[in-house]
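In our numbering, the protein residues as written are 515 to 642.
Written out as structure tokens, the structure reads:
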């Protein structure tokens, strides 16, 4: 699907085990020294269009795996969440992106009261 290395792929929950329209993953920032750097970007591969959208978190910021959360009111929309550790400030935030515009700025950044250690393999679970 891509010549760029990536890890922790996820798809919208309704597409697990089926043909996926989008795949979200963690990846290295462009021109990063992949032998020394953790993943500093997340990306979305559109499987039908063959396109790649990417968000670069900047120097010394490290996102966890991107998790797709379906929109509660519109089945065609969703949100991508990731916990970001900022090595510049030793803080963590939850960043939320529109699922169809991953290369835009996040729609929301939520500061957390303490650092969240790097982790992986999450999921979104509706309240009901």
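A virtual CB, placed ideally from N, CA and C, is assigned to each residue, including glycine.
**Request:** Would you please state the rounded distance, in angstroms, between the beta carbons of residue 616 and residue 598? I believe it to be under 8 angstroms.
**Result:** As a working mapping, residue 616 is identified with position 102 in the chain shown. As a working mapping, residue 598 is identified with position 84 in the chain shown. Not quite, the Cβ-Cβ distance comes to about 14 angstroms (not below 8 angstroms), so this is no contact.
**Host beta strand (DSSP E) of residue 558 (start-end)** = As a working note, residue 558 is residue 44 in the chain shown. Unbroken beta strand (DSSP E) run through residue 558: 555-560.
**Prompt:** Okay, do the segment 569-581 and the segment 548-555 touch, 3+ Cβ pairs below 8 angstroms being the bar?
**Reply:** yes
**Request:** Mind checking which residues open and close the beta strand (DSSP E) that includes residue 537?
**Result:** Translated into the one-based positions of the chain shown, residue 537 becomes position 23. Start and end: 536-541.
**Asked** Can you tell which of 602, 628, 587 and 623 has the C-alpha that lies nearest to the C-alpha of residue 609?
**Response** The residue given as residue 609 occupies position 95 in the chain shown. Of the listed residues, the one whose Cα sits closest to residue 609 is 623.
**Message:** Here's the rule: buried if 16 or more other CB atoms are within 10 angstroms of the residue's CB, otherwise exposed. What is residue 537?
**Reply:** To locate residue 537, count along the chain shown from 1; it is residue 23. Under a 10 Å Cβ-count criterion, residue 537 is classified as buried, with 16 or more other Cβ atoms of the shown protein chains found around its own Cβ.
**Item:** Contact check, residue 614 vs residue 633, beta carbons under 9 angstroms
**Value:** Numbered from 1 along the chain shown, position 100 holds the residue referred to as residue 614. Numbered from 1 along the chain shown, position 119 holds the residue referred to as residue 633. Not in contact: residue 614 and residue 633 (Cβ atoms no closer than 9 angstroms).
**Prompt:** Quick one: what does DSSP say residue 580 is sitting in, helix, strand or coil?
**Reply:** Within the chain shown, residue 580 is the residue found at index 66, counting from 1. Note: residue 580 maps to coil in three-state DSSP.
**Distance between residue 529 and residue 582 (C-alpha atoms, nearest Å)** = Position 68 of the chain shown holds residue 582. Position 15 of the chain shown holds residue 529. Roughly 11 angstroms between the two C-alpha positions.
**Minimum C-alpha distance to residue 626 - residue among 612, 559 and 605** = Taking the first residue of the chain shown as 1, we reach residue 626 at position 112. Nearest of 612, 559 and 605 to residue 626, Cα basis: 605.
**Rounded C-alpha distance that separates residue 471 from residue 607** = With the chain covering only 515 through 642, there is no way to say anything about residue 471.
**Asked** Would residue 539 pass as a contact of residue 558 if the rule is Cβ separation under 9 angstroms?
**Response** Here residue 539 refers to the residue found at position 25 of the chain shown. Here residue 558 refers to the residue found at position 44 of the chain shown. Closer than 9 angstroms, so yes.
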